[in-house]
Amino acid sequence: MGYTLSKEQFETLVNRLSEQYQVFAPVKFVGGNTFTDVDVIRYDQVKNPEEIVLDQKSDYSFKEVLLPLSETLFYYTEEQTKEADIPRGEAVVFLRSCEMHAVKVLDDIYLNNKFEDYYYKRLRDKIKFIVIACPESFDSCFCVDMGTNKPEGQDMIIEQQGDQFLVVNENPQWEAYFEGYAKVDQAPSYAKENKVKVHIPENLNPNIAKSSIWEEYDTRCIACGRCNFVCPTCTCFTMQDILYSDNGKAGERRRVQASCMVDGFTDVAGGGSYRKKFGERMRFKMMHKVYDFRKRFGYNMCVGCGRCDDVCPEYISFSANINKLEEGMKEVGEEHA
Amino acid sequence: MDINTKKLKKNAFRVTKQRGYTASRVRIPGGHLKAELLPQLQEIAETYGNGTLHITSRQGFEIPGIPYEKMQEVNEKLQPIIEATDINQPERDKGYSASGTRNITACVGARVCPYGCYDTTAFAQKIEKEIFPHDLHFKVALTGCPNDCAKVRMHDFGIMGMTEPQLDPSRCVDCGACVKYCRTKSVDALKTVNNKPVRDTEKCIGCGECVINCPTRAWTRSKEKYYRLVLMGRTGKRNPRLAEDFIKWVDEKSIIQIIKNTYPFVTEYIAKDAPGGKEHIGYIIDRTGFEEYKKWALKDVELSPKAEVNQRLYWKGPKYHTYG
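Chains as they are written, first to last, in my numbering: chain A, 2 to 338; chain B, 157 to 480.
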């Protein structure tokens, strides 16, 4: 059961949410992309409901609202430390169905993986989710095959239908926002088909490391890490301890997002580093997204949003890579050597 | 045969080797044109010329093999091309009204090229509207970035695109890409301090490699578009040389004003015996001294505080003959 809102009523709803929450949504940064006069759509706090980009997929995912690219954890002086203030208060984030499934991935990594991550939890506890329905799939999406095309666990779903919005509220505390609005018996749409189809072979196992399918990426990939930074499910971080330059006795510890594709990710004490070939890094990332994570949590990590395809400067397609796995397994066989 | 060669040259035709035949020169400001104009060029070449087209070194077309008596007909056929390329023209159906100020050339720029810092064609067309037609010999070229694919340093006025990189430290994860690419592809103007890049603003040439290679949008381009204006490069017999830097981080409006200010300077100081009333501006400045030129060039120009002006310019290049 939902409500039909006019554009003005939808904007009123967002404004009313803004009184109680910091509202984060995909926003267009004019000229903010890599090339001259090319816009980028990424997450920011919304000052005006009209800023919310509803008709395009964001280039960078909602993840930054839960996992800031760079987050100060605490400050230190000679004797004392002080925890950094939480970067934001109660928040609402607009995201898509695939990203709603990514929230589950982030939760499993940061909350249900032996111990709770304190800094993740303090942001996670203060967030509500509004799904922007996808009546049609975008070009590079493969959510249907990854099983993430129907949203789960959100507080609200909105669907733009011409000049109107279908709004399905799933958070009882928000019912007051809808007093006086006409109810409609309509379910929100979701993408039922993608142009991109993927097939993960049932017999996939670590033998795939011996396959030749990774070799092309040794030279195609430039190890820039864009695929990781835009990915709604990449959760790796690294630590930075810095000393303020003025007196060198005070500083801060930050954690920043890390990429398994970028040099330095595997550096260990003593000067070792691993997966030097970029194809090996592709294999590691691939296996984490469609194999290793599933071994531990029972479902695939990749949610099929296709952002890695969209952002890759070398036109490497992750979905095309998935579809090479079957051939790779035929090449190497299932039996452990 | 009675032909006024001075008039035909001014009309963008040429005296050619072949007695009785001329060539028509078609200017394409910024070197970008609608493909629909090509059949019209083909028609002129096949009807009046020898059926061939030369792509000129200044990004125009030259149609050779045209009998002199067909010049007026060719001018009429050129009219739709002149209009489509938006060339200033005092009188319809009379072709180009000057040829001294040359076609303004440009690399493909930000319409296509990932490195381009601005729309080179649009800026070229804008300058064309401001300075053409004029009989004085001016060569202006634009290039999108400091790679200088358009070789603007071999022109009187060379315009190179720049962007002023903007860092949002909260989006930087210290992946090192900007520092690495600045070192290997540009001028090594970045170093890492406390896990964030620090830009040497004196060294930075505004090429945008840091922005292009940043995977997180920590580096972005400045909203303002900036340029490096380089002056008085030239090819030729006496003293070919590369242009020297005049103003770094200059704006579009100031560049146009400086070019326009150069016309009265040249009118004042051009050699009275210059063959065909044509003398490279650089040789004039060699005589007057750069200080004198600078006074004229910067008249009424309001530079932004960001603009860095080189007060003295010294050119190099082999000197096969010293003027005067």
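Quick reminder that beta carbons are idealized off the backbone N, C-alpha and C, glycines included. Small disclaimer: the values here were computed from a predicted structure and weren't measured.
The beta-carbon of Arg-43 (chain A) is placed less than 8 Å from the nearest beta-carbon of chain B.
The residue among B:Cys-263, B:Pro-396, B:Val-349 and B:Gly-207 with its C-alpha nearest the C-alpha of Met-310 (chain B) is B:Pro-396. For the options A:Glu-84, A:Leu-67, A:Leu-68 and A:Pro-69, the alpha carbon positioned closest to that of Phe-75 (chain A) is the one of A:Glu-84. Taking 8 Å as the CB threshold, Gly-272 (chain B) lines the interface with chain A. Within the same chain, Pro-88 come within 7 Å of Pro-69 (chain A) by CB-CB distance, once the 5 residues on both sides are set aside. Residue contact check for Cys-309 (chain A) against chain B: no CB pair falls below 8 Å.
Closer than 8 Å to the CB of Ile-368 (chain B) there is at least one CB belonging to chain A.
Fully enclosed beta strand (DSSP E) runs of no fewer than 3 residues occupy 128-133, 157-162 and 165-170 of the region 120-170 of chain A, in order along the chain. When CB distances to chain A are screened at a threshold of 8 Å, the residues of the region 324-336 of chain B falling below it are Pro-325, Ser-326, Arg-327, Cys-328, Val-329, Asp-330, Cys-331, Gly-332 and Ala-333, in chain order. Of all residues in the region 259-289 of chain B, only Gly-265, Ala-266, Cys-269, Pro-270, Tyr-271, Gly-272, Cys-273, Tyr-274 and Asp-275 place a beta-carbon less than 9 Å from a beta-carbon of chain A. Following the DSSP letters along the chain, one finds Ala-26 (chain A) inside the beta strand (DSSP E) bounded by residues 23-30. The region 241-258 of chain B makes no contact with the region 320-338 of chain A: fewer than 3 CB pairs, one atom from each, lie closer than 8 Å.
Looking from the CA of Gly-332 (chain B), the closest CA among B:Glu-365, B:Asn-231 and B:Ile-441 belongs to B:Glu-365. Annotated three-state conformation of Ile-441 (chain B) is helix, per DSSP. Membership of Ile-238 (chain B) in any beta strand (DSSP E) is not indicated; the residue belongs instead to the alpha helix (DSSP H) covering 227-240. Residues of the region 254-279 of chain A whose Cβ lies closer than 8 Å to any Cβ of chain B, in chain order: Arg-255, Val-257, Gln-258, Ala-259, Ser-260, Val-263, Asp-264 and Gly-265.
Looking at A:Tyr-61, A:Val-39, A:Val-15 and A:Phe-166, the one whose alpha-carbon comes closest to that of Asp-310 (chain A) is A:Tyr-61. Contact between Ala-103 (chain A) and Pro-233 (chain A) holds: their C-beta atoms lie close to 4 Å from each other, under 8 Å. A direct Cα-to-Cα measurement between Gly-226 (chain A) and Leu-194 (chain B) gives close to 44 Å. Burial state of Gly-362 (chain B) is buried, judged by a 10 Å Cβ sphere holding 16 or more other Cβ atoms.
Judged by DSSP in its simplified three-state form, Met-318 (chain B) adopts strand.
Residue-level contact check: Gly-226 (chain A) touches chain B, since one or more beta carbons of chain B fall below 8 Å from its beta carbon. Identification of residues in the region 69-102 of chain A having a C-beta nearer than 8 Å to some C-beta of chain B yields Pro-69, Leu-70 and Ser-71, given in sequence order.
The beta carbon of Glu-153 (chain A) sits closer than 8 Å to the beta carbons of Met-101, His-102 and Lys-105 from its chain, once the five residues preceding and following it are set aside; these are given in chain order. Of all residues in the region 344-374 of chain B, only Val-349, Asn-350, Asn-351, Lys-352, Gly-364, Val-367, Ile-368, Asn-369, Cys-370, Pro-371, Thr-372, Arg-373 and Ala-374 come within less than 9 Å of chain A when Cβ atoms are compared, listed by chain position.
Assignment of Ser-59 (chain A) by DSSP, reduced to helix, strand and coil, places it in the coil class. Asp-40 (chain A) carries a coil assignment under DSSP once its states are collapsed to helix, strand and coil.
Leu-387 (chain B) is bridged by DSSP to B:Phe-313 and B:Glu-400.
Short of 6 Å from the beta carbon of Val-168 (chain A), and not among the five residues preceding or following it, lie these beta carbons of its own chain, in chain order: Gly-3, Tyr-4, Leu-6 and Ile-159. Per DSSP, the continuous beta strand (DSSP E) segment holding Asp-242 (chain A) begins and ends at 238-244. For Gln-241 (chain A), the C-beta contacts it makes with chain B under 7 Å involve Asp-330 and Asn-351, in order along the chain. Here Leu-164 (chain B) carries a helix assignment [DSSP, helix/strand/coil]. The Cβ of Phe-319 (chain A) sits no closer than 8 Å to any Cβ of chain B.
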